[in-house]
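Comments concern the structure below.
Dropping the structure here:
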């Protein structure tokens, strides 16, 4: 092996049997950019609670999630403790900050800035992994496939950034469709073929921990919204009740995801004979509705705190019910992927939220918030009680 190849090989994480790779401090530092990004998407949706605005927010959230989760895959393979990998992450942070600051006007004057930052992160990161991996390493050809797909989608991102209105939305949706189809298609490239999930050599415990940390980021946004909004309004019995409802709702979401699901997921993927397949389904795809549900709930929290009385309008109804609904659907599918069956408590919670829709316009925003929070609490308690000893976390 040449000196260059030896140096490149050293960028890969060292895998040890029966031990998962730890999340490093530089990965946590990198995540700070996405704390800001999630906040930006939340504020964007708050100001655009319309069908078109919801679609635009979905595009933005899907892009933010995708660039983050792809980076988590790369740091699953490459060692972030090494200087070159750290410098790559710092470069991604710079582009990510530009990406995040472009979000409020991504469908106005800063569309091209958003697109260029996104493409630079996606293509640049994957190209770095390809160029830093020796030819003898099986992962190298997979990095080439990924880079090829991201170059194709990048054309649509940039073209969309150059255009306005419906054309931008359409082109960015095509770009997202290409990127989200890539893992399912094994990043098929003509004359090279497709990879399999077993080729991806993912370290499952690390991937599970990374995605759990992003859930913390999203929940943190909800807590920040609750605290900041409550600090700026008049304190009354009603606003204190709204404060309690929104805070308890965030706690209930944490409980539903972390009390059981996160531990089962980590164990399942760590013991799986094909962790790449589970990482693709449960952590790459299914976590998006979980995160989106938390973000939408944060929008609801701000509306409920600001205007707890009166009748819930369509915006309050959609966000207050839609956020927990998306979250429960995502967690239901996630636990289905790691357990092999659908959780009755989660299905009942989804049904209860849907049952609120017809009566929501007759309810005050605070009452609707209390109702959805009560449903989330019931789901968490039901699951914990029904699973008994199996529901206990490893630290209990």
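In UniProt numbering, the protein residues as written are 1 to 396.
Cβ coordinates follow ideal geometry from the N, Cα and C atoms, glycine included.
So residue 296 and residue 326 are in contact, right, with Cβ under 8 Å, and what is the actual spacing, rounded?
On the chain shown, position 296 is the one that residue 296 refers to. On the chain shown, position 326 is the one that residue 326 refers to. Correct: roughly 6 Å between the Cβ atoms.
List the endpoints of the continuous alpha helix (DSSP H) containing residue 122.
Indexing the chain shown from 1 puts residue 122 at position 122. First-last of the alpha helix (DSSP H) with residue 122: 111-131.
How would you label residue 90, buried or exposed, when you count the other beta carbons within 10 angstroms and need 16 or more for buried?
Here residue 90 refers to the residue found at position 90 of the chain shown. With fewer than 16 Cβ atoms within 10 Å of its Cβ, residue 90 is classed as exposed.
What residue from 312, 62, 39, 11 has the CA that sits closest to residue 81's CA?
In the chain shown, residue 81 corresponds to position 81, counting from 1. Ranking 312, 62, 39, 11 by Cα distance to residue 81 puts 11 first.
Pick from 324, 263, 191, 123: whose alpha carbon is nearest that of residue 294?
Locating residue 294 in the chain shown gives position 294, where the first residue counts as 1. Of the candidates 324, 263, 191, 123, the one whose C-alpha sits nearest the C-alpha of residue 294 is 324.
Please name the residue in 217, 182, 160, 374 whose C-alpha comes closest to that of residue 150.
Looking up residue 150 in the chain shown gives position 150. Of the candidates 217, 182, 160, 374, the one whose C-alpha sits nearest the C-alpha of residue 150 is 182.
Counting C-beta neighbours from all protein chains within 10 Å, is the total for residue 172 16 or more, i.e. buried, or is it exposed?
Within the chain shown, numbered from 1, the residue matching residue 172 stands at position 172. Flag for residue 172 reads buried.
Cα separation between residue 197 and residue 14?
One-based indexing of the chain shown puts residue 197 at position 197. One-based indexing of the chain shown puts residue 14 at position 14. Rounded to whole angstroms, residue 197 to residue 14 spans 20 Å at the Cα level.
For a test of the three-state rule: what should DSSP assign to residue 11, helix, strand or coil?
If you number the chain shown from 1, residue 11 lands on position 11. The answer is coil: DSSP assigns residue 11 none of H, G, I, E or B.
For residue 362, is the classification buried or exposed, using 16 other Cβ atoms within 10 angstroms of its Cβ as the cut-off for buried?
Numbered from 1 along the chain shown, position 362 holds the residue referred to as residue 362. Exposed.
Could you please give the first and the last residue of the uninterrupted alpha helix (DSSP H) stretch that includes residue 316?
Here the question's residue 316 lines up with position 316 in the chain shown. 314-339 is the span of the alpha helix (DSSP H), which, as asked, contains residue 316.
Looking at residue 120: is its Cβ nearer than 7 Å to the Cβ of residue 161?
Counted from its first residue, the chain shown places residue 120 at position 120. Counted from its first residue, the chain shown places residue 161 at position 161. Not a contact, by the Cβ cut-off of 7 Å.
Work out the CA separation of residue 130 and residue 141 for me, nearest whole Å.
As a first step, residue 141 is located in the chain shown; it is residue number 141 there, counting from the start. As a first step, residue 130 is located in the chain shown; it is residue number 130 there, counting from the start. C-alpha separation (whole angstroms): 8 Å.
So residue 349 packs on residue 379, CB below 8 Å; how close in whole Å?
Numbered from 1 along the chain shown, position 349 holds the residue referred to as residue 349. Numbered from 1 along the chain shown, position 379 holds the residue referred to as residue 379. Sure, about 4 Å apart at Cβ, within 8 Å.
Buried or exposed: residue 271, going by 16 or more other Cβ atoms within 10 Å of its Cβ?
What you label residue 271 is simply residue 271 of the chain shown in a count that begins at 1. When all chains shown are included, residue 271 counts as exposed.
In terms of residues, what are the limits of the alpha helix (DSSP H) holding residue 41?
Mapped onto the chain shown, residue 41 falls at position 41. Segment 25-47, the alpha helix (DSSP H) holding residue 41.
Which whole-angstrom value describes the C-beta separation of residue 123 and residue 154, a residue pair presumed to lie in contact below a C-beta threshold of 8 Å?
In the chain shown, counting from the first residue as 1, residue 123 sits at position 123. In the chain shown, counting from the first residue as 1, residue 154 sits at position 154. Rounded, the Cβ-Cβ distance is 6 Å, consistent with contact.
Would DSSP call residue 189 helix, strand or coil?
As a working note, residue 189 is residue 189 in the chain shown. If DSSP states are grouped into helix, strand and coil, residue 189 belongs with the strands.
From the DSSP output, which residues share a beta bridge with residue 78?
One-based indexing of the chain shown puts residue 78 at position 78. Paired residue(s): 12.
Whose C-beta lies closer than 6 Å to the C-beta of residue 7 among residues of the same chain, with five residues either side of it excluded?
On the chain shown, position 7 is the one that residue 7 refers to. Bear in mind that the predicted position of residue 7 carries a pLDDT of just 47, short of 50, making it unreliable; the figure below should be weighed with that in mind. Once the five neighbours on either side are set aside, residue 7 has no close Cβ partner at all.
Our contact map puts residue 125 next to residue 92 with C-beta atoms below 8 Å; I'd like the distance itself, whole angstroms only.
The residue labelled residue 125 in the question sits at position 125 within the chain shown. The residue labelled residue 92 in the question sits at position 92 within the chain shown. Going by Cβ atoms, the distance from residue 125 to residue 92 rounds to 6 Å, so yes, they are a contact pair.
Taking residue 23 as the reference, give the member of 73, 209, 265 with the closest Cα.
What you label residue 23 is simply residue 23 of the chain shown in a count that begins at 1. That would be 209, whose Cα lies nearest to the Cα of residue 23.
On the DSSP letters alone, give me the boundaries of the alpha helix (DSSP H) that residue 227 sits inside.
By 1-based counting over the chain shown, the position of residue 227 is 227. Counting along the chain, the alpha helix (DSSP H) containing residue 227 begins and ends at 204-231.
Within the continuous alpha helix (DSSP H) that includes residue 180, where are the two ends?
Within the chain shown, the letter at position 180 stands for residue 180. Counting along the chain, the alpha helix (DSSP H) containing residue 180 begins and ends at 165-184.
Once you ignore the five residues that flank residue 422 on each side, which residues in its own chain have a CB closer than 6 Å to its CB?
The structure shown does not extend to residue 422, since the chain is modelled only from 1 to 396, so the question has no answer here.
Between the beta-carbon of residue 21 and the beta-carbon of residue 206, is there less than 7 Å?
To locate residue 21, count along the chain shown from 1; it is residue 21. To locate residue 206, count along the chain shown from 1; it is residue 206. Yes, these two residues count as a Cβ contact at 7 Å.
Where does the unbroken alpha helix (DSSP H) through residue 287 begin, and where does it stop?
In the chain shown, counting from the first residue as 1, residue 287 sits at position 287. Here the alpha helix (DSSP H) through residue 287 covers 287-306.
Quick one: what does DSSP say residue 386 is sitting in, helix, strand or coil?
Looking up residue 386 in the chain shown gives position 386. Helix at residue 386.
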